[in-house]
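*Asks:* Chains as they are written, first to last, in my numbering: chain R, 254 to 650; chain G, 254 to 650; chain H, 254 to 650; chain F, 254 to 650. All C-beta atoms, glycine included, are put in the ideal place defined by N, C-alpha and C. Take this structure first; my questions come after.
Protein chains: 4
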Amino acid sequence: MDFHVSEEMSVRLTMIREFMENEVIPLEGEMLHGTAETLQAGVEAAQAKVKQMGLWAPNHPVEFGGLGLSMIDHGLFAEAVGRSPLGMTVFGTQAPDAGNIEILHKYGTAEQKDQWLQPLVAGEIRSCFSMTEPETAGSNPTLLATTAESDGDDFVINGQKWFTSSADGAAFAIVMALTDPDAPPHQRFSMIIVPTDTPGFSLVRNVSVMGHSGSGHASHGEVSYQSCRVPKSNLLGPQGSGFLIAQDRLGPGRIHHCMRWLGIAGRAFDMMCQRANDRVIDGEGAKLADRQVIQHWAAELDAEIRGARLQVLHCAWMIDQHGPKVARDEISAIKFVVANTMLKAVDTAIQVHGALGVTDDTVLAHWYRHERAARIYDGADEVHKSSLGRRLLRQYA
Amino acid sequence: MDFHVSEEMSVRLTMIREFMENEVIPLEGEMLHGTAETLQAGVEAAQAKVKQMGLWAPNHPVEFGGLGLSMIDHGLFAEAVGRSPLGMTVFGTQAPDAGNIEILHKYGTAEQKDQWLQPLVAGEIRSCFSMTEPETAGSNPTLLATTAESDGDDFVINGQKWFTSSADGAAFAIVMALTDPDAPPHQRFSMIIVPTDTPGFSLVRNVSVMGHSGSGHASHGEVSYQSCRVPKSNLLGPQGSGFLIAQDRLGPGRIHHCMRWLGIAGRAFDMMCQRANDRVIDGEGAKLADRQVIQHWAAELDAEIRGARLQVLHCAWMIDQHGPKVARDEISAIKFVVANTMLKAVDTAIQVHGALGVTDDTVLAHWYRHERAARIYDGADEVHKSSLGRRLLRQYA
Amino acid sequence: MDFHVSEEMSVRLTMIREFMENEVIPLEGEMLHGTAETLQAGVEAAQAKVKQMGLWAPNHPVEFGGLGLSMIDHGLFAEAVGRSPLGMTVFGTQAPDAGNIEILHKYGTAEQKDQWLQPLVAGEIRSCFSMTEPETAGSNPTLLATTAESDGDDFVINGQKWFTSSADGAAFAIVMALTDPDAPPHQRFSMIIVPTDTPGFSLVRNVSVMGHSGSGHASHGEVSYQSCRVPKSNLLGPQGSGFLIAQDRLGPGRIHHCMRWLGIAGRAFDMMCQRANDRVIDGEGAKLADRQVIQHWAAELDAEIRGARLQVLHCAWMIDQHGPKVARDEISAIKFVVANTMLKAVDTAIQVHGALGVTDDTVLAHWYRHERAARIYDGADEVHKSSLGRRLLRQYA
Amino acid sequence: MDFHVSEEMSVRLTMIREFMENEVIPLEGEMLHGTAETLQAGVEAAQAKVKQMGLWAPNHPVEFGGLGLSMIDHGLFAEAVGRSPLGMTVFGTQAPDAGNIEILHKYGTAEQKDQWLQPLVAGEIRSCFSMTEPETAGSNPTLLATTAESDGDDFVINGQKWFTSSADGAAFAIVMALTDPDAPPHQRFSMIIVPTDTPGFSLVRNVSVMGHSGSGHASHGEVSYQSCRVPKSNLLGPQGSGFLIAQDRLGPGRIHHCMRWLGIAGRAFDMMCQRANDRVIDGEGAKLADRQVIQHWAAELDAEIRGARLQVLHCAWMIDQHGPKVARDEISAIKFVVANTMLKAVDTAIQVHGALGVTDDTVLAHWYRHERAARIYDGADEVHKSSLGRRLLRQYA
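Quick look at the structure:
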């Protein structure tokens with residue numbers, strides 16, 4: 254066993270961490286209190302520097318200008334960049350584009366790649382992913398009700414989606430729709446590329462989430478598909494392979510998410526410890542850091558984050574070694590473990606900050622609001638626990 | 254022992270619950286998605302009905318048009334009204350006015366009552382309470398740094414406060430300031446009435462809390478006092494009695510808060526159960542309510558809420574019987590017990606709602622954001638646990 | 254609402270608490286380190302004093318020499334007496350006799366009462382209750398496999414039971430057996446009185462539990478019924494009413510158990526606080542009680558015990574007012590709430606005692622071992638949570 | 254990063270696991286229900302086989318016939334062998350001998366090694382470790398009150414120890430005693446070898462722990478040292494180096510303990526899953542494993558064990574790479590993390606076993622009793638959390 258990070262990746266991580274500290278985290282003030290314009294200007298300046306450093310979108314394959322990172326290195330990158338809500342965007346790896354790029358790489362036709370992948374990687378357009386529906390339970394995706402009926406050379410799509418994040422301003426959506434109602438449940442759905450200017454595609458609203466409906470990239474669209482017609486050449490991968498594609502990107506996406514969350518947890522931990530050292534609590538100069546309960550919180554959180562982190566890295570290693578199928582249990586487990594660890598870190602850091610913690614003078618309240626969904630999207634905690642538990646128990650039957 | 258609610262109060266509670274259900278909860282849509290104007294109109298119409306029903310501001314003494322409720326009945330009222338974020342305002346018992354009214358009743362001079370209490374009770378003006386400071390730890394109020402120096406017949410106040418909630422638009426603040434630096438620590442501070450148009454009083458900003466800086470009543474002011482001069486006749490109660498007054502209102506205020514939180518917990522529980530029954534999760538029509546884990550959540554939450562509720566009612570009874578001093582341990586305990594139970598109820602209800610839970614299509618995300626502070630203000634969980642624990646352990650010394 | 258204990262009961266409780274402190278708790282040394290003989294002598298001497306004080310078996314109806322206590326007073330008695338593992342025996346209210354006495358009172362024929370109830374109340378014989386089976390799941394009692402076949406005027410019983418506690422030395426067992434296999438599931442079983450000298454009744458072994466197989470009253474028998482024949486006059490209550498009788502005693506028995514557990518929790522809490530004050534932890538004389546984490550434990554445990562206690566008393570009041578059927582939800586809830594609170598109190602007290610806590614120099618390790626079963630018998634936590642949760646959720650369907 | 258176990262160790266682990274399954278676990282029946290003699294015979298037969306397999310005492314250095322394992326491999330060995338309470342004894346690595354052997358290797362003089370180490374390694378004698386005292390807090394070892402006064406060429410030892418485990422029948426004790434009261438606190442104590450037949454050494458009692466006082470190896474001695482005189486040549490290492498030696502063995506011992514606990518956790522998990530698959534819970538043949546709550550427990554426990562295991566292996570790797578000093582934080586963290594994970598696994602497995610779980614028909618109740626101390630000895634959870642937390646927070650000062 255060997256827990257060393259490769260020399261090459263260590264060097265990169267040092268660069269990234271410094272850049273995050275010096276260039277990205279200072280932009281958070283603009284995010285929390287500035288205008289969209291001043292923030293945008295700051296982000297673009299930072300993106301330019303990232304490109305100069307040769308670290309733009311390192312998740313892409315080498316032939317597309319990425320770094321061809323292993324899962325483990327990909328994860329370490331996501332952790333470093335996850336320390337600020339702005340990190341992913343500054344490094345060109347923000348959701349949902351990152352995931353869409355992955356499946357376009359793997360399943361896209363040459364035409365699809367020319368038309369959609371190239372400008373997406375170049376950052377010229379944005380995209381969205383349209384799967385979740387308001388009226389069907391996300392815990393059971395075979396219930397999805399949006400249909401794509403075959404009509405000659407076209408599919409005609411009808412249905413209602415929401416949490417089509419970043420739909421506002423996106424050039425195209427990748428839509429999960431029922432194409433083969435008579436196939437076995439997990440072969441009934443397909444992914445289809447739908448340009449957002451297709452007649453019948455309409456952005457009903459940016460759903461207000463945790464107090465803000467947002468706009469542009471920072472939005473969660475409710476989208477209506479009404480007789481929305483696209484050519485069958487917009488099918489991504491084979492017909493009926495919707496779940497297969499979803500599954501296939503699961504492992505990599507999971508590592509990405511979980512390590513980003515660990516970046517959040519790590520930063521929240523640092524902020525907590527810093528605050529505990531800064532805050533005087535009595536007339537003799539004692540500080541919060543001198544209180545035993547705070548010490549225990551630090552110890553417990555440190556151990557919990559450390560354990561969660563090793564689990565994700567081990568999972569990434571398994572995917573690197575054996576592919577996502579073999580790592581299925583680990584992929585399920587890290588979802589609920591890390592989401593909860595991250596939220597606990599944020600919540601504890603807020604508590605240590607006291608009144609300051611609920612204000613927007615720090616980034617903590619932002620995470621408290623916007624990362625609560627981590628326990629819900631991509632399979633709620635309970636979905637993963639049930640399926641993992643069933644698989645584990647079955648081995649003893 | 255007898256757990257019956259009095260006949261008279263039972264009748265009132267039935268009226269209040271129905272009114273909440275039919276008139277107040279439907280206004281939440283305006284709060285979440287409407288304009289300030291449409292909301293204000295709705296609230297005022299509801300307030301008018303409450304006054305007609307003779308239930309306006311029932312926390313006031315009978316001679317001021319209130320109902321002279323016992324602590325227990327006061328608590329039951331707060332629970333019923335707490336089921337909506339709009340309830341307190343509709344019934345004329347919103348913070349911070351309610352607390353200010355209490356101490357003005359008890360400690361105000363005749364002139365102070367004429368000038369400030371009467372219009373406050375009548376709803377003609379609003380007030381704020383100015384104690385918390387950004388640079389001193391709330392866990393130890395003897396550290397407060399704002400001073401009120403004696404200068405002839407005046408006090409000259411200097412300092413920086415925040416979470417002076419509702420300062421924006423308030424007619425006056427009740428300020429906690431150091432008047433007697435050489436007295437024993439708990440006799441150093443006084444409460445002073447400061448009209449907000451006094452030179453030297455300035456609202457620096459409405460602090461952005463959980464994504465919104467708000468305005469008017471729904472705001473958390475940062476206030477600067479710079480050589481802010483008020484006559485000594487603005488002193489509330491005897492000089493040096495700041496903590497005494499704060500302490501004195503603690504018990505009643507605590508019951509009020511905790512039962513309001515139980516109102517939130519109860520509504521979140523109801524919403525959770527309703528959603529679990531509505532949400533279909535497979536092709537055979539099974540519902541979330543059929544899942545064992547959801548059943549356990551319901552059982553655990555029901556038991557936890559029930560236990561918390563009985564503790565608060567018992568505490569209220571102790572205050573009614575023996576006064577807040579004897580009930581000191583109970584008053585400490587219910588603070589951390591109920592705040593956590595309420596937040597757990599809200600969080601669990603969000604989880605059961607899935608993606609819908611983080612949107613503003615329900616009131617849950619509002620509570621998730623705005624009630625997080627319940628574990629911090631009025632003494633953080635840890636402050637109460639430490640002081641209660643010390644008192645308990647000392648009995649065995 | 255009124256949380257006062259009646260004057261009469263207050264007087265009794267004071268007597269009982271003093272007696273427990275001065276006469277019963279000192280006997281624990283004999284239980285933990287002495288011989289069966291010296292313990293027995295001490296217990297009998299204490300029992301004699303209890304009878305002199307007129308407090309023997311107060312759970313019995315007045316006409317049988319008991320005190321005819323309400324559920325609430327019964328509960329308060331059980332709490333006071335539960336502070337020592339010897340309390341119930343010293344006061345003549347030990348399981349399983351207490352429960353058997355209750356159902357013999359209610360369902361026994363005149364002959365059954367003469368033959369079994371009278372000597373049982375007088376303490377001349379012991380009894381046992383034979384329901385649980387090793388090979389069927391206790392979570393679903395309709396699976397019980399022991400049969401009582403009708404054969405003329407007799408029942409012929411066949412089956413295997415365990416946790417027939419105190420079977421060793423008992424004069425008779427009350428056996429739950431299948432008499433009506435074609436009736437609806439909950440009307441298939443009956444309770445039958447089986448003298449332990451009946452041919453075919455055999456005590457296979459005293460099951461070793463947590464390291465000890467024990468003997469006499471302190472044992473958990475595995476019992477085999479092989480063509481064990483008893484006259485039909487031994488039927489308790491109507492045929493097929495086994496579950497009804499079991500259910501009927503549930504409420505009262507639950508109060509009894511839960512308040513006894515709260516007695517344990519209260520004593521463990523006291524021991525913890527005492528130890529924390531006695532234990533010096535540094536060269537300056539600081540004590541465990543000075544540590545913030547211990548203070549928080551005390552505060553959290555105090556609040557948890559208080560809440561659990563109020564729930565049980567409220568449940569007892571509901572049974573007193575409306576009978577056990579109406580209090581069904583409360584009866585389910587207190588089982589899992591109080592069992593867990595008690596075990597947490599014991600576990601925390603052990604931790605504060607350090608190495609001493611795992612020794613038998615205190616009573617804590619005894620409770621740790623022998624009360625773990627509280628989360629299992631009489632319906633495991635999970636059984637109660639599932640059934641309570643289902644009932645709660647159904648109200649919203 | 255690479256999570257592979259070495260080829261050589263993999264082969265060994267397969268052998269050990271099979272041997273545990275086929276030869277050691279079947280002996281547990283003798284431990285739980287047999288006589289000391291039949292158990293001893295079984296253990297000795299198994300030990301003989303282990304020696305034949307060349308796997309005896311693999312923790313020893315190669316020159317002493319051990320395998321010279323790295324910390325990681327040592328840990329993997331301990332995990333495999335920890336699956337049964339008999340494993341360590343069967344493989345010749347039982348506490349406290351294993352730890353004593355380590356420090357005798359490192360600090361013993363040639364004479365000490367000849368006299369004590371050789372026969373100890375050969376299994377001809379047993380030893381004990383005498384540090385904990387009943388009257389001083391284990392959380393602060395500088396409070397230890399046992400003294401070793403210099404008197405010519407001898408030390409004269411006075412004091413009272415307990416939890417001198419296995420003192421009953423041991424040939425010698427290694428005693429921690431105050432030799433240099435005027436030195437800095439952590440240089441005041443020394444370790445001294447005391448043959449148990451030295452006048453003044455007396456085994457006061459085998460302390461009854463969790464219901465049993467035990468005897469021989471399975472005992473926890475209270476030992477009195479009264480003017481107990483030994484030559485200064487019995488000093489282990491330099492005078493005043495008691496804490497250094499204790500610290501030095503901490504890392505390795507910690508890995509050993511924690512991985513043994515993970516062996517317990519793993520076996521408890523397996524037993525839980527097996528039971529869940531075997532237990533029928535309704536008339537249609539549904540099993541416990543079909544219940545969602547059980548599935549969640551399995552998933553949560555699996556993830557928790559996995560995370561804890563990776564933490565220990567990572568810690569072992571750090572010790573292998575950088576020595577125990579650099580791994581200090583990890584060594585603190587794994588203590589409280591793994592002890593709690595193990596106890597949770599045992600407790601959950603008991604709950605799934607229902608009534609069977611509290612009996613001695615399985616090994617679970619044995620662990621429940623005897624492993625509770627894992628949260629106390631070797632530094633209670635709270636000691637480690639406080640010291641780790643302080644170190645972490647100090648980095649931000």
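Please list, in chain order, the chain F residues whose beta carbon lies closer than 9 angstroms to that of R544/G.
*Replies:* Residue numbering aside, residue 544/G sits at position 291 when the second sequence is read from its first letter. The contacting residues are Q545.
*Asks:* Could you please give me the residues that DSSP links to A430/G through a beta bridge?
*Replies:* On the second sequence, residue 430/G is found 177 positions in, with the first residue counted as 1. Paired residues: S443/G.
*Asks:* If you draw a straight line from the alpha carbon of L329/H to that of C511/H, how long is it in whole angstroms?
*Replies:* Residue 329/H sits at position 76 when you count from the first residue of the third sequence. Residue 511/H sits at position 258 when you count from the first residue of the third sequence. Answer to the nearest angstrom: the Cα atoms are 10 angstroms apart.
*Asks:* If we cut at 7 angstroms on Cβ distances, does F496/F have a partner in chain H?
*Replies:* Numbered from its first residue, the fourth sequence carries residue 496/F at position 243. Not an interface residue.
*Asks:* Taking only beta-carbon positions, decide if I427/H is within less than 7 angstroms of chain F.
*Replies:* Here the question's residue 427/H lines up with position 174 in the third sequence. With 7 angstroms as the cut-off, I427/H does not count as an interface residue toward chain F.
*Asks:* Within a Cβ cutoff of 7 angstroms, which residues of the same chain sit near P434/R, ignoring the five residues on either side of it in sequence?
*Replies:* By one-based count along the first sequence, residue 434/R stands at place 181. These residues qualify, in order along the chain: R441.
*Asks:* Between the C-alpha atoms of S419/R and T291/G, what's the straight-line distance to the nearest angstrom?
*Replies:* Taking the first residue of the first sequence as 1, we reach residue 419/R at position 166. Taking the first residue of the second sequence as 1, we reach residue 291/G at position 38. Answer to the nearest angstrom: the Cα atoms are 30 angstroms apart.
*Asks:* Pick helix, strand or coil for I534/R, following the three-state DSSP scheme.
*Replies:* Sequence index remark: in the first sequence, residue 534/R carries index 281 (1-based). Of the three classes helix, strand and coil, the one that applies to I534/R here is coil, per DSSP.
*Asks:* At what residues does the alpha helix (DSSP H) containing D326/H begin and finish?
*Replies:* Translated into the one-based positions of the third sequence, residue 326/H becomes position 73. Run containing D326/H: 324 to 334, per the alpha helix (DSSP H) assignment.
*Asks:* CA-CA distance, T449/H and L488/H?
*Replies:* In the third sequence, residue 449/H corresponds to position 196, counting from 1. In the third sequence, residue 488/H corresponds to position 235, counting from 1. The straight-line gap from Cα to Cα measures roughly 15 angstroms.
*Asks:* With 7 angstroms as the C-beta to C-beta threshold (strictly closer), list the residues of the region 455 to 486 of chain H near chain F in chain order.
*Replies:* Residues V460, S461, V462, M463, G464, H465.
*Asks:* Got a sec, what are the start and stop residues for the alpha helix (DSSP H) V546/F sits in?
*Replies:* As a working mapping, residue 546/F is identified with position 293 in the fourth sequence. Counting along the chain, the alpha helix (DSSP H) containing V546/F begins and ends at 545 to 575.
*Asks:* Which same chain residues end up closer than 7 angstroms to T342/H when comparing Cβ atoms and leaving out the 5 residues on each side of it in sequence?
*Replies:* In the third sequence, the residue the question calls residue 342/H occupies position 89. Cβ neighbours of T342/H beyond the five flanking positions: V296.
*Asks:* Would you mind reading off the limits of the beta strand (DSSP E) that contains A294/H?
*Replies:* As a working note, residue 294/H is residue 41 in the third sequence. No beta strand (DSSP E) contains A294/H, which is instead part of the alpha helix (DSSP H) from 289 to 305.
*Asks:* Mapping the DSSP letters down to three states, classify K485/R as helix, strand or coil.
*Replies:* The residue you call residue 485/R lines up with position 232 of the first sequence. Three-state DSSP puts K485/R in a helix.
*Asks:* Any idea what DSSP makes of W620/G, helix, strand or coil?
*Replies:* Counting from one through the second sequence, the residue named residue 620/G turns up at place 367. In this structure, W620/G counts as helix in the three-state DSSP scheme.
*Asks:* With DSSP run on the structure shown, which of helix, strand or coil describes S461/R?
*Replies:* Counted from its first residue, the first sequence places residue 461/R at position 208. Looking at S461/R - three-state DSSP - the assignment turns out to be coil, as it is neither helix nor strand.
*Asks:* Quick one: measure Cβ to Cβ for E377/F and Q413/F, integer angstroms, because I've assumed they're closer than 8 angstroms.
*Replies:* Taking the fourth sequence and counting its residues from 1, one reaches residue 377/F at position 124. Taking the fourth sequence and counting its residues from 1, one reaches residue 413/F at position 160. Contact flag wrong, Cβ pair sits at about 29 angstroms.
*Asks:* Could you tell me whether the Cβ atoms of N651/F and I603/H are closer together than 7 angstroms?
*Replies:* The shown model of chain F, from 254 to 650, leaves out residue 651/F, and the question about it has no answer.
*Asks:* Determine the contact status of M525/G and V428/G, defining contact as a CB-CB distance below 7 angstroms.
*Replies:* Reading the second sequence from its first residue, position 272 is the one you call residue 525/G. Reading the second sequence from its first residue, position 175 is the one you call residue 428/G. Not a contact, by the Cβ cut-off of 7 angstroms.
*Asks:* To the nearest angstrom, how far is the alpha carbon of D631/R from that of V591/H?
*Replies:* As a working mapping, residue 631/R is identified with position 378 in the first sequence. As a working mapping, residue 591/H is identified with position 338 in the third sequence. Each residue's alpha carbon lies about 37 angstroms from the other.
*Asks:* Any contact between the region 348 to 363 of chain H and the region 272 to 282 of chain H? By contact I mean 3 or more CB pairs, one from each, below 8 angstroms.
*Replies:* The region 348 to 363 of chain H vs the region 272 to 282 of chain H: no contact.
*Asks:* According to DSSP, is H470/F part of a helix, a strand, or is it coil?
*Replies:* Working through the fourth sequence from its first residue, we reach residue 470/F at position 217. DSSP places H470/F in coil when its eight states are reduced to three.
*Asks:* Per DSSP, which residues does S455/H bridge with? Please list them.
*Replies:* Counting from one through the third sequence, the residue named residue 455/H turns up at place 202. DSSP lists S477/H as partners of S455/H.
*Asks:* By the three-class DSSP mapping on this structure, what secondary structure does W514/G have?
*Replies:* Here residue 514/G is taken as the residue at index 261 of the second sequence, counted from 1. Helix.
*Asks:* For H509/R, decide whether its Cβ has a neighbour in chain H, counting only Cβ atoms nearer than 7 angstroms.
*Replies:* The count along the first sequence starts at 1 and reaches residue 509/R at position 256. It does not; no Cβ of chain H falls within 7 angstroms.
*Asks:* Hey, would you say S461/F sits closer than 7 angstroms to D255/H, going by beta carbons?
*Replies:* Taking the first residue of the fourth sequence as position 1, residue 461/F is located at position 208. Taking the first residue of the third sequence as position 1, residue 255/H is located at position 2. Cβ atoms of S461/F and D255/H: not closer than 7 angstroms.
*Asks:* Does H549/R come within less than 7 angstroms of chain H when only Cβ atoms are used?
*Replies:* In the first sequence, residue 549/R corresponds to position 296, counting from 1. Cβ-Cβ to chain H under 7 angstroms: yes for H549/R.
*Asks:* For H257/G, which residues in chain H fall below 7 angstroms Cβ to Cβ?
*Replies:* Residue mapping note: residue 257/G aligns to position 4 of the second sequence, counting from 1. Near H257/G (Cβ distances below 7 angstroms), the residues of chain H are M254.
*Asks:* Buried or exposed for V611/F, going by 16 or more other Cβ atoms inside 10 Å?
*Replies:* As a position in the fourth sequence, residue 611/F is number 358, starting the count at 1. Buried is the call here.
*Asks:* Please go through the region 367 to 417 of chain H and give each complete beta strand (DSSP E) segment of 3 or more residues, from N-terminal end onward.
*Replies:* Listed in chain order, the complete beta strand (DSSP E) runs (minimum 3 residues) inside the region 367 to 417 of chain H are 380 to 383, 400 to 404.
*Asks:* I want to verify the contact list: residues of chain F whose CB lies under 9 angstroms from the CB of A592/H, in sequence order.
*Replies:* For the purposes of this step, residue 592/H is taken as the residue at position 339 of the third sequence. Those within 9 angstroms of A592/H in chain F number zero; the least Cβ separation is about 11 angstroms.
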